[in-house]
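Colleague: Numbering (the working numbering), first residue to last: 4 to 828. Following this message is one structure expressed as structure tokens.
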Amino acid sequence: MNSPASALSAEDAGRLLQQGLALHREGRFAEALQVYATLLAHVPGHADALHLTGEALYRQGRPKLALNYVNGAIARSPHHFYFNTRATIFMQLGLPAEAQQDLRRAIKAQPGYAEAHVNLSAVYRQQKKFRQASEAAAEATRLAPQVPAAWNNAGAIDMEQDRFDEAIAQFQRALALDPNYAAAHKNIGKIRAHQKDWPAAVDAMARAAADPRDLEASFLLSKALQGSGRVEEAIAPMQHAMRNWPAEERHKALADPDGVAALYGICGALEGVSMRFAESAELYRLALESLPEHELLLNNLGTANFRLGQYGSAIEALKKALQAHPRQVLARCNLGVTYVMSGRSEAAIAEFEQCLRDDPQFMPAMVWLLGEKAHIADWQGVPALRASIASLLDRPDNDQTVSSFILMSHYDDARRLMEWTRRGAALADAGTGIQPFADRSARRNSPRIRVGYYSFDFRNHPVAHLTAELFSRHDRKDFEVFVYSYGPDDGHPARARIAAAAEHFVDMHGQSIRQMAQRIREDELDILVDLSGDTRGAKPQVMAYHAAPAQLMWLGYMGTSGTPNYDYLVSDNFLSPPGTEGAYTEKLLRMPETFQVIDTQRPVNPHKATRAAHGLPEDAFVLCNFSQSFKIQPETFDAWVRIVREIPNAVLWLAQGPEGFERNLRNQWEAAGLGSERLIVSPRMPVDQHLARIGLADLFIDTFPYSSGATANDVLWSGVPLLALTGTTMVSRMAGSLMGAIGLPELVAANHDEYVQKAVHCATHPQELAALRARLAAARDARRGYFDTPRFVRHLEDGFRQIAARSRQGLPAAHVDVAARPQDK
């Protein structure tokens, strides 16, 4: 049998070597390695193939494996070129003494070997032995004055000693020999970046990064572009470097705090207006391969996964962060919020409580804890928690942003809430870096007024259920209506109705903040109406671009935004009585009867509900509330207990909440001395089935200070009288506004005692309650007041006309009071 070596002629071996070397020179190292492997399979001791294999592996960032092959080449042929290559590998491995020894061997074998002198100079420079480094560099330039690497190395020595002018002169000599010499461009870029001369740094680094194999240059180019404020352009070079670097090289770049800061800058740009969370998560994962216990990287990976809705992955990353850094309150709070979104309230509460043991004044955890305790009726410590939050929020030096939506459920103080919201909104807006469009004040002159409705919630959601009829009722002669949906299409009939009714239905799901703003701007609206505000899933950041000359908030978020991004807030005279204008950063568009629209064409469930089917006693007086559990505050619950105690045959009928809610509520109920059979908790149902069962109740008793909006709509449409309790905030006055628009103002209470008295009175005066129920039914059947949707839309259009007229005349926003139209028109 022939040996492997005899199976390949010297001529064929030479051809293979040249083929591999050609690929090698093009930077196609993986392909070159395959050719070298073929050659070595036939000629295992081929020294050049062994050496080039080692050199290619070194170029791939695999120095330890590379060393084995170069050792094999030197064992067969101690060539000066091989010693030089092994020295560069030793330098990569942090073994300068071994590198220096090999370079001395190479120079002894070939005294005029300039590259070895260059590398010896680099070894000395790495050891901060600048005299010896300069001597070796001078020898290299003497031996090879036409070699750019020699001058570049001499410049690097000057650069290391902060002799920047001398260094740049040396680099310029290298570039005079080869204008495309990337290493010199990169070094000039480093100096200019150090000097904060960002345009020059970008120019130099862009030239260096023209070679896609120079990943360090790509990384440094990204840093320089960020320094120049060109963050969007900085994304691609950062991604190129991070995706192609071996973990060890990434570690070197990220071990420097400036390197990690550059990565954060790119991820911030991806996550901000671009909403490219998958790409930022990829960069965090790559960074964590090199820095596996870095607390902020782990936290940020968790939050990126959270934004992607990948809660399991988010929890995994955040738990790793806490294993490495147990007192990292930001990661722990984010873990708690992720549990909230996963429906694990009790786990969330445990994390928030631990946050506050580690940092008693960490307000995000305080506010989330307050909100989640409300979700599961865990009211222990709530009064003290509210007081602590309010005290911190009142401090003028507070710089922690918190959820105003949660605050609205706990504090009935309109002006105080406005101040808290305004301060938090200013901090949040500053963090986005969004600049309004240059033509934000451009006037419109289209024959029809162009109105756009923007929302995440055109799906099975209260906003969609309330507005489903609105879009078909607009007067197309005077109004051109755009509906911008950026939430998911869940296939619900309400969405289909809206899409069919709107003149322009624009699905923007998955688009970035800027893309959405740009599309809205291109449609040249007169008025943009945000129906979601700062609620779950919403993207109010679009409003910061001012894509329309007049921007309104309505319906989804019932309170002031606190930002200059909204010009108007849709309200009414009950919701925002005269004299309360100072509680809003927006101007008010006051509707003449009520702020809320209703869908009077909703499908009717033909199924007739029975009390027996829903576990309700036939002879009981059924008090009900179907609001979300977070609205049930301890003060409201105490009032309910007082009411039930006063009505012997009363039961309280509630809707199901998160895990733990019913257990905690029943404990409180029984502690108050009430029988468990008098508290009935029913599962949530599809809207049509829910509407069918509401009519089984005798009286709906509302929550406070976050009153019912869409739930009140369902209750009143179902013909059940509603008892409202109102305060000073817009959100506390929603249900009261509806009762006034229907013509039942006697069902509005101003305090808890009056609320209890009115509920007991209704239960003990059945004839009066029946009369109220009849008036409610008559208003609904006749489509009067609140139930007259076409008239509501005419009122809304009247307001829009006034707003559009002001902006078309170049006038600033001003309060608008819409006059009531006659009932028959």
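Just so it is clear, CB atoms sit at the ideal spot from N, CA and C, and this is done for glycine as well. Nothing here was measured: the structure is a model prediction, and the numbers come from that model.
Ordered along the chain, which non-local residues of its own chain (more than five positions away) have a Cβ less than 6 Å from that of Ala-177?
Modeller: Pro-151, Trp-154, Asn-155, Tyr-184, Ala-187
Colleague: Can you grab the Cα-Cα spacing for the pair Gly-829 / Cys-270, in whole Å?
Modeller: As shown, the chain starts at 4 and ends at 828. That puts residue 829 outside it, with no answer to give.
Colleague: Can you tell which of Asp-701, Leu-180, Phe-174 has its C-alpha closest to the C-alpha of Lys-193?
Modeller: Minimum Cα-Cα distance from Lys-193 among the listed residues Asp-701, Leu-180, Phe-174 corresponds to Phe-174.
Colleague: Give a yes or no on whether the minimum CB-CB distance between Ala-785 and chain C is below 8 Å.
Modeller: Of the protein chains in this structure there is only one, and it is not chain C.
Colleague: Is the beta carbon of Gly-434 less than 8 Å from the beta carbon of Val-532?
Modeller: no
Colleague: Using DSSP bridges, identify the partner residues of Trp-656.
Modeller: Cys-627, Ile-683
Colleague: For Gln-331, count neighbouring Cβ atoms within 10 angstroms of its own Cβ and tell me buried if that reaches 16, exposed if not.
Modeller: buried
Colleague: Helix, strand or coil: how does DSSP classify Tyr-587 here?
Modeller: coil
Colleague: Near Met-4, what residues of its chain come up, given a Cβ to Cβ distance below 7 Å and the 5 sequence neighbours on each side ignored?
Modeller: Low local confidence applies: a pLDDT of 34 at Met-4 is under 50, so the model's placement there is unreliable, and no value is given.
Colleague: Report the residue from Glu-274, Arg-425, Ile-409, Leu-180 whose alpha carbon sits nearest the alpha carbon of Asn-401.
Modeller: Arg-425
Colleague: Pick out whichever of Asn-670, Gln-544, Gly-813 has its Cα sitting closest to the Cα of Glu-274.
Modeller: Closest by alpha carbon: Gln-544.
Colleague: I'd like to know if the region 639 to 659 and the region 716 to 724 are in contact, where contact means that at least 3 CB-CB pairs between them fall below 8 Å.
Modeller: No: the two stretches stay apart, fewer than three of their Cβ pairs being nearer than 8 Å.
Colleague: Just to check my reading of the structure: Phe-459 and Gly-490 have Cβ atoms closer than 8 Å, yes? What is that Cβ distance to the nearest angstrom?
Modeller: 4 Å
Colleague: Is Ala-499 near Ala-520, with beta carbons less than 8 Å apart?
Modeller: no
Colleague: Using the C-alpha atoms, what's the distance from Arg-462 back to Val-38?
Modeller: 59 Å
Colleague: DSSP state of Asp-820, grouped into three classes?
Modeller: strand
Colleague: Have a look at Ser-564, Ile-352, Glu-58, Ala-674 and flag the residue whose alpha-carbon is nearest the alpha-carbon of Tyr-587.
Modeller: Ser-564
Colleague: State yes or no: is the C-beta of Met-556 within less than 8 Å of the C-beta of Glu-596?
Modeller: no
Colleague: Taking 8 Å as the limit between beta carbons, can you name the residues of its chain near Gln-22, skipping five residues before and five after?
Modeller: Val-38
Colleague: Using a Cβ-Cβ cutoff of less than 6 Å, which residues in the same chain neighbour Arg-210 once the five nearest sequence positions on both sides are dropped?
Modeller: His-188
Colleague: I want to know whether the region 655 to 669 touches the region 731 to 751 - three or more CB-CB distances under 8 Å.
Modeller: Judged by Cβ distances under 8 Å, the region 655 to 669 makes no contact with the region 731 to 751, as fewer than three pairs qualify.
Colleague: In its own chain, which residues sit with a C-beta less than 7 Å from the C-beta of Asn-308, not counting the 5 before and 5 after it?
Modeller: Ala-284, Ser-316, Ala-317, Ala-320
Colleague: Does Ser-579 pass the burial test, meaning 16 or more other C-beta atoms within 10 Å, or should it be called exposed?
Modeller: buried
Colleague: Thinking C-beta only, is Leu-42 closer than 8 Å to His-49?
Modeller: yes
Colleague: Assuming the contact rule is C-beta atoms closer than 8 Å, Val-484 and His-507 should be a hit. Round their C-beta distance to whole Å, please.
Modeller: 7 Å
Colleague: Throw me the rounded Cβ distance for the Glu-800 and Asp-602 pair, which I believe falls under 8 Å.
Modeller: In fact, because the Cβ distance is near 18 Å, the residues do not count as touching under 8 Å.
Colleague: Measure the CB-CB distance between Val-600 and Leu-469 and report whether it falls below 8 Å.
Modeller: In contact: Val-600 and Leu-469 (Cβ atoms closer than 8 Å).
Colleague: Measuring CA to CA, which of Gly-788, Ser-407, Pro-215, Gln-812 is closest to Asn-247?
Modeller: Pro-215
Colleague: Figure out for me which residue from Ala-204, Ile-171, Leu-11 has the closest Cα to the Cα of His-1.
Modeller: As displayed, the chain neither begins before 4 nor continues past 828, which places residue 1 out of reach and without an answer.
Colleague: How long is the line joining the alpha carbons of Pro-7 and Leu-19, rounded to whole angstroms?
Modeller: Here the model assigns Pro-7 a pLDDT of 43, short of 50, so the residue's position is not dependable and the matter cannot be decided.
Colleague: To the nearest angstrom, how far is the alpha carbon of Ala-33 from that of Glu-58?
Modeller: 12 Å
Colleague: Should Ser-9 be labelled buried (16 or more other beta-carbon atoms within 10 Å of its own) or exposed?
Modeller: Unreliable placement is indicated for Ser-9, whose pLDDT of 49 sits below 50; the coordinate value is still reported in the next sentence. Exposed: under 16 other Cβ atoms inside 10 Å.
Colleague: In whole angstroms, what is the alpha-carbon distance linking Ile-452 and Pro-399?
Modeller: 42 Å
Colleague: Go to Arg-778, then tell me how far its alpha helix (DSSP H) extends in each direction, as first and last residue.
Modeller: 769 to 785
Colleague: Given this structure, state the Cα-to-Cα distance separating Gln-182 from Arg-195, to the nearest angstrom.
Modeller: Checking the sequence shown, residue 182 turns out to be Pro, not Gln. Each residue's alpha carbon lies about 18 Å from the other.
Colleague: Taking the C-alpha atoms as reference points, what is the distance between Glu-749 and Ala-353?
Modeller: C-alpha separation (whole angstroms): 43 Å.
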